Amino acid sequence: MKSVLFVQFRTTPLRIAVEQARHRRALPPDVSLTFCSIFDFTDAAALLHKARAYDALMFGGSGDFDIDGGRAPGDFGRTQTPHILELIQDTVQDVLHEDKHFFGICFGHQLVAELLGGKVTHDHRQQKFGTHTVLKLPDGDTDALFGTFPEVFYAQYWHKDSVTTLPQGAVTLAASPTCNFAALRYRQNVYTTQFHPEIAATDIEGIPRRKTSYLAEPPAAIDMHESPEAASLLSAFYARLKNSR
1 MKSVLFVQFR
11 TTPLRIAVEQ
21 ARHRRALPPD
31 VSLTFCSIFD
41 FTDAAALLHK
51 ARAYDALMFG
61 GSGDFDIDGG
71 RAPGDFGRTQ
81 TPHILELIQD
91 TVQDVLHEDK
101 HFFGICFGHQ
111 LVAELLGGKV
121 THDHRQQKFG
131 THTVLKLPDG
141 DTDALFGTFP
151 EVFYAQYWHK
161 DSVTTLPQGA
171 VTLAASPTCN
181 FAALRYRQNV
191 YTTQFHPEIA
201 ATDIEGIPRR
211 KTSYLAEPPA
221 AIDMHESPEA
231 ASLLSAFYAR
241 LKNSR
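Read in UniProt numbering, the sequence shown has 164 at position 164, and its numbers run on one by one without any break.
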């Protein structure tokens with residue numbers, strides 16, 4: 001049985017539990033998924049040691065922390081992020097060196113980009129919530145996870161910060177007018193997405209509109225569509241993992 005370590009970047013018990021439940025929906029019976037908090041680790045070496053014991057690694061999203069997020073410079077949700085980057089830096093480098101199976105989502109997508117020389121900013125043009133269209137790019141046509149996707153597909157978003165400068169070594173698989181780097185791949189097995197493949201339209205529907213108050217212009221209504229292609233990414237990721245040596 002293949003094993004996956006999922007690192008969470010959350011402090012609110014309800015958000016922690018909801019994220020875990022959503023990710024278990026796509027988990028096949030012959031893959032084990034272990035959740036941990038980034039704050040379980042006292043230093044970078046501890047996380048690296050833990051991660052090396054698993055076949056794959058995942059980084060989740062976060063409503064509690066941002067690289068910028070439009071937060072005040074002294075906001076706890078912003079001042080903790082440099083510490084988080086320090087904790088994960090050795091593990092991310094190890095993942096790249098070994099080309100280990102990896103999937104980073106939203107905040108996880110941003111953290112990897114920032115560590116690898118990209119730039120993450122609070123870009124009002126790109127921040128969004130709800131269902132949005134995504135365009136598969138030419139590099140996505142031959143990709144192991146995105147190759148069978150249609151040219152345009154739906155995905156679920158919920159973010160303030162965005163990757164605004166492409167990290168060195170990253171291949172852009174998908175983008176849109178409001179998401180410059182919707183999906184990235186590093187080497188052959190390291191994937192990150194700004195959108196949330198684990199979230200369904202029904203999950204978005206149940207979120208109060210006040211949760212979108214951080215947007216420059218909160219929408220009068222949340223656009224919602226099912227996103228079967230985006231949702232299939234996690235199953236495809238696990239399938240590739242199971243078929244790997």
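Here a beta-carbon is modelled for each residue, glycine too, at the ideal position from N, C-alpha and C. Remember, it's a predicted structure, so these values are computed and weren't measured experimentally.
Please state the DSSP three-state secondary structure of residue i.
{"i": "A239", "result": "helix"}
{"i": "L137", "result": "coil"}
{"i": "H196", "result": "coil"}
{"i": "Q110", "result": "helix"}
{"i": "R210", "result": "The predicted position of R210 is uncertain, since its pLDDT is 48 and thus under 50; no value can be drawn from it."}
{"i": "K119", "result": "strand"}
{"i": "R185", "result": "strand"}
{"i": "G130", "result": "strand"}
{"i": "T91", "result": "helix"}
{"i": "H225", "result": "coil"}
{"i": "F41", "result": "coil"}
{"i": "H124", "result": "coil"}
{"i": "L233", "result": "helix"}
Start and end of the beta strand (DSSP E) containing residue i?
{"i": "I105", "result": "101–105"}
{"i": "T172", "result": "170–176"}
{"i": "A56", "result": "56–59"}
{"i": "F153", "result": "152–159"}
With residue i as the anchor, note down where its alpha helix (DSSP H) starts and where it stops.
{"i": "Q8", "result": "Run containing Q8: none in the alpha helix (DSSP H); it sits in the beta strand (DSSP E), 2–8."}
{"i": "residue 259", "result": "Because the chain here runs from 1 to 245, residue 259 falls outside it and cannot be looked at."}
{"i": "residue 273", "result": "The requested residue 273 does not occur in the structure, where the chain is confined to residues 1 to 245."}
{"i": "A201", "result": "201–205"}
Determine the burial state of residue i: buried for a count of at least 16 other Cβ atoms within 10 Å of its Cβ, exposed for fewer.
{"i": "G117", "result": "exposed"}
{"i": "H132", "result": "buried"}
{"i": "F76", "result": "exposed"}
{"i": "M58", "result": "buried"}
Any beta carbon of chain D sitting closer than 8 Å to that of residue i?
{"i": "G117", "result": "In the structure shown, chain D cannot be found, because there is only a single protein chain."}
>> Under 8 Å, with one C-beta from each stretch per pair, do the stretch 152–172 and the stretch 107–124 reach the 3-pair mark?
In response: yes
> At a cut of 8 Å, does the stretch 50–67 reach the stretch 104–113 through at least three beta carbon pairs?
Replying inline: yes
> Is the stretch 170–185 in contact with the stretch 136–155, if contact means three or more CB pairs nearer than 8 Å?
Replying inline: yes
>> If contact is defined by three or more beta carbon pairs under 8 Å, each pair taking one atom from either stretch, is the stretch 2–14 in contact with the stretch 30–46?
In response: yes
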